[in-house]
Amino acid sequence: MMCAFPAAAIIPAYENISEDLGVSLQRASYLTSLQIAILGGAPLFWRPLSTRYGRRPIFIISLIGSLVFNVGCAKSQTYAAMATCRAFQSFFISPPNAIGSAVVVETFFKRERAKFMGIWTVMITLGIPLAPLIFGFVTYNVGYRWIYWILAIVNGVQVILYTLFGPETRFIRHGDVQHAQSGFAAYKEMYLKFRRIDPTPITLSEFISPLRLFKYPCVVIPACAYAMVFLFASVLATVEIPQLFGEKFHFNAQQIGLQFLGVIVGTVIGEQIGGHSSDLWMRWRAKKMAPLRPAPEFRLWLSYFGILLTICGVVVFLVRIEQAPDLHWNVTPIVGAGIGAAGNQIVTTVLITYAVDCYPEEAGSIGVFVTFVRQIWGFLGPFWFPPMFEDVGIANSAGIVAALLVGVSLIPVMFTHWKGYTMRGHMSERM
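If you read the sequence shown in numbering that gives the first Met the number 0, its first letter stands for residue 0, the second for the next number, and so on.
1. Closer than 6 Å by C-beta to residue 176: which residues in its own chain qualify, once you throw out the five before and the five after it? Chain order, please.
2. Using the C-alpha atoms, what's the distance from residue 222 back to residue 207?
3. Would you mind working out which of 152, 383, 107, 143 sits nearest residue 230, comparing C-alpha positions?
4. What three-state label does DSSP hand residue 98 in the structure shown?
5. Given a cut-off of 8 Å, decide if residue 143 and residue 452 are closer than it, judged by their beta-carbon atoms.
6. Could you tell me how far apart the beta carbons of residue 64 and residue 167 are, in whole angstroms, since I believe they sit closer than 8 Å?
7. Mind checking which residues open and close the alpha helix (DSSP H) that includes residue 63?
8. Starting from the Cα of residue 165, find the closest Cα among 330, 320, 56 and give me that residue.
9. My parser needs the alpha helix (DSSP H) runs of 4 or more residues fully inside the segment 311 to 362; what are they?
10. In chain order, what are the residue ranges of uninterrupted alpha helix (DSSP H) at least 4 long that sit wholly in the segment 95 to 161?
11. Can you tell me the Cα-Cα spacing of residue 68 and residue 302, whole angstroms?
12. Say whether the segment 85 to 100 touches the segment 245 to 259, bearing in mind that this needs 3 or more beta-carbon pairs closer than 8 Å, one atom from each stretch.
13. For residue 197, name the three-state secondary structure that DSSP assigns.
14. How should residue 200 be labelled, buried or exposed, when 16 other C-beta atoms within 10 angstroms of its C-beta is the threshold for buried?
15. Can you list, in chain order, the residues of its chain with a C-beta nearer than 7 Å to that of residue 59? Leave out the 5 residues immediately preceding and following it.
16. Cβ of residue 208 less than 8 Å from any chain D Cβ?
17. Does DSSP put residue 77 in a helix, in a strand, or in coil?
18. Between residue 226 and residue 127, what straight-line distance do the alpha-carbon atoms span, to the nearest angstrom?
19. I'd like the span of the alpha helix (DSSP H) that includes residue 227, first residue to last.
20. Taking residue 395 as part of the alpha helix (DSSP H), name the residues at either end of that continuous run.
21. In this structure, how does DSSP classify residue 84 when only helix, strand and coil are distinguished?
22. If you count every other CB in all the chains shown that lies within 10 Å of the CB of residue 88, and 16 or more means buried, which is it?
23. Starting from residue 237, trace the alpha helix (DSSP H) in both directions and tell me its first and last residue.
24. Relative to the C-alpha of residue 15, which residue among 268, 150, 250, 83 is closest?
25. Excluding the five sequence neighbours on either side, which residues of its own chain have a C-beta within less than 7 Å of the C-beta of residue 325, listed in chain order?
26. Whole angstroms are fine: how far does the CA of residue 295 sit from the CA of residue 288?
27. Quick check: the segment 307 to 322 against the segment 278 to 287, are there 3 or more CB pairs under 8 Å?
28. Can you give me the C-alpha to C-alpha distance between residue 116 and residue 272, rounded to a whole angstrom?
29. Indicate whether residue 408 and residue 228 have their beta-carbon atoms separated by less than 8 Å.
30. Can you say whether residue 45 is buried or exposed, counting buried as having 16 or more other CB atoms within 10 angstroms of its CB?
31. Using a Cβ-Cβ cutoff of less than 8 Å, which residues in the same chain neighbour residue 411 once the five nearest sequence positions on both sides are dropped?
32. Is residue 21 helix, strand or coil by DSSP?
33. Output needed for residue 356: all residues of its chain with C-beta closer than 6 Å, excluding positions within five of it in sequence on either side, in chain order.
34. Just checking my contact of residue 241 with residue 10 at CB under 8 Å: how many whole Å lie between their CB atoms?
35. Going by C-alpha to C-alpha distance, which of 364, 353, 334, 312 sits closest to residue 342?
36. Is the CB-CB distance between residue 31 and residue 347 below 8 Å?
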């Protein structure tokens, strides 16, 4: 959750930041766009390090770096200084995006994979709307700089807790037999020692190796389909709410933060379908086919529901905002955002789990690759959303959104559902 949390935390404070630093509202929003982009590219750096030194040291270093640069943001007096500190903070907090899926695979059985993959994805997704909900109150009551101080305090608590209680999840079998330890010796060995766990030399190619997944259709198609859903159901709603609601209803930071309740509720509801129900769906199929195992493509049936919910929700969100009279707020746009968030969470869990099911040995690389595609596409969105609204109108933009979701998400997923077995077999021969 804390990976996406800082990027979205300043959303209700855009107006305060623009006034304090003397920049436009649009330029203030780029402080979020900047982090979205870095959260996409930085995992390429962290993944090889986590395979050699383990997940635990990387997480601890990540939290310490994030703490330092959150303090830097709180003390920044210029836009350039704050942007620089935000960039480094997002670089350090990005490892969960890089290795989160790998940790899930290393920790849980396959029969539980969708459930716990869903918990991981829902925490990342929830960080986006939960941060502005909380920090809208902070901004309104004590000032926006306390956003950064609170984030730094949270990072400090996380460092302490993870150092004391966070075990290593990556284990490598060695030829020599080691006797089990107990008591404090076992605790010291597991939690207080930091060492390289894989002696294999790191090569430069490993830092870009997740990008080779562009040649795997059963990974790249779900990644692109998910990225488009994420763009409209998550990025558009969260980035544009402060600007659209601020202009139309003259909301303050606290009132803007409350608008994210719909997204939070929708995300939680969507996870019940995308996570637990997805596992039940696959178990039911497995019992019916016993002793054969169901193909990963069977899971994709649930993704159609998620994509259609996203289309419905985003259309309601955009149309109802334009139809609402100035200074007369109503709840329907928030209901639409919640419906879209539910669809986004279903698609997130189902498509990421499908890709991992296809190539479980590539779970770490798949997490990095999906994050890269999602974040880069999400970074570009805020640059073309305002011109789209100005040129065709907010309500008419819903038609463009629906067309893109059908063309980039729905139809490609249907094709993967149809031809996935053939594509998986063909690519497995080339691995």
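Positions of the beta carbon are idealized from the N, C-alpha and C atoms, including for glycine.
On the basis of the data shown:
1. Here residue 176 corresponds to residue number 177 of the sequence shown, with the count starting at 1. Confidence at residue 176 is low in this model, with a pLDDT of 49, below 50, so the placement of that residue should be treated as unreliable; the coordinate-derived value is given next. Cβ within range, chain order: n/a, list empty.
2. Residue numbering aside, residue 207 sits at position 208 when the sequence shown is read from its first letter. Residue numbering aside, residue 222 sits at position 223 when the sequence shown is read from its first letter. Each residue's Cα considered, the two are about 17 Å apart.
3. Sequence index remark: in the sequence shown, residue 230 carries index 231 (1-based). Considering only alpha carbons, the answer is 383.
4. Taking the first residue of the sequence shown as position 1, residue 98 is located at position 99. Helix, per DSSP.
5. There is simply no residue 452 to check, as the chain begins at 0 and stops at 430 in what is shown.
6. Numbered from 1 along the sequence shown, position 65 holds the residue referred to as residue 64. Numbered from 1 along the sequence shown, position 168 holds the residue referred to as residue 167. Contact flag wrong, Cβ pair sits at about 20 Å.
7. The residue labelled residue 63 in the question sits at position 64 within the sequence shown. Counting along the chain, the alpha helix (DSSP H) containing residue 63 begins and ends at 54 to 74.
8. Counted from its first residue, the sequence shown places residue 165 at position 166. Closest in alpha carbon position to residue 165, among 330, 320, 56, is 56.
9. Every alpha helix (DSSP H) of 4 residues or more that sits fully in the segment 311 to 362 is shown, in chain order, as 331 to 357.
10. Here the runs fully enclosed are 112 to 141.
11. Position 69 of the sequence shown, counted from the start, is the residue given in the question as residue 68. Position 303 of the sequence shown, counted from the start, is the residue given in the question as residue 302. Going from the Cα of residue 68 to the Cα of residue 302 covers about 38 Å.
12. no
13. Counting from one through the sequence shown, the residue named residue 197 turns up at place 198. Of the three classes helix, strand and coil, the one that applies to residue 197 here is coil, per DSSP.
14. For the purposes of this step, residue 200 is taken as the residue at position 201 of the sequence shown. Exposed.
15. On the sequence shown, position 60 is the one that residue 59 refers to. Result list for residue 59: 158, 161, 162, in chain order.
16. Looking at the structure shown, chain D is missing, and only one protein chain is on hand.
17. Taking the first residue of the sequence shown as 1, we reach residue 77 at position 78. Note: residue 77 maps to coil in three-state DSSP.
18. Stepping through the sequence shown from its first residue, residue 226 is reached at position 227. Stepping through the sequence shown from its first residue, residue 127 is reached at position 128. Computed Cα separation, rounded: 15 Å.
19. Residue mapping note: residue 227 aligns to position 228 of the sequence shown, counting from 1. Counting along the chain, the alpha helix (DSSP H) containing residue 227 begins and ends at 216 to 229.
20. Residue numbering aside, residue 395 sits at position 396 when the sequence shown is read from its first letter. Start and end: 393 to 404.
21. As a position in the sequence shown, residue 84 is number 85, starting the count at 1. In the structure shown, residue 84 sits in a helix (DSSP, three-state: H, G or I).
22. Translated into positions along the sequence shown, residue 88 becomes position 89. Classification of residue 88: buried, given that the 10 Å Cβ count is 16 or more.
23. As a working mapping, residue 237 is identified with position 238 in the sequence shown. From DSSP, the alpha helix (DSSP H) with residue 237 extends over 236 to 248.
24. Taking the first residue of the sequence shown as 1, we reach residue 15 at position 16. With distances taken between Cα atoms, residue 15 lies closest to 250.
25. What you label residue 325 is simply residue 326 of the sequence shown in a count that begins at 1. 247.
26. By 1-based counting over the sequence shown, the position of residue 288 is 289. By 1-based counting over the sequence shown, the position of residue 295 is 296. Roughly 13 Å separates the two Cα atoms.
27. no
28. Taking the sequence shown and counting its residues from 1, one reaches residue 116 at position 117. Taking the sequence shown and counting its residues from 1, one reaches residue 272 at position 273. Roughly 13 Å separates the two Cα atoms.
29. Translated into positions along the sequence shown, residue 408 becomes position 409. Translated into positions along the sequence shown, residue 228 becomes position 229. In contact: residue 408 and residue 228 (Cβ atoms closer than 8 Å).
30. As a first step, residue 45 must be located in the sequence shown, where it is residue number 46. The residue is buried, with at least 16 neighbouring Cβ atoms inside 10 Å.
31. Looking up residue 411 in the sequence shown gives position 412. Answer for residue 411: 220, 223, 224, listed in chain order.
32. Position 22 of the sequence shown holds residue 21. Coil, per DSSP.
33. Taking the sequence shown and counting its residues from 1, one reaches residue 356 at position 357. The beta carbon of residue 356 is closer than 6 Å to those of 295 in its chain, skipping five residues each way along the sequence.
34. The count along the sequence shown starts at 1 and reaches residue 241 at position 242. The count along the sequence shown starts at 1 and reaches residue 10 at position 11. With 8 Å as the limit, residue 241 and residue 10 qualify as a contact, their Cβ atoms being about 6 Å apart.
35. As a working note, residue 342 is residue 343 in the sequence shown. Per the Cα distances, 312.
36. Mapped onto the sequence shown, residue 31 falls at position 32. Mapped onto the sequence shown, residue 347 falls at position 348. Not a contact, by the Cβ cut-off of 8 Å.
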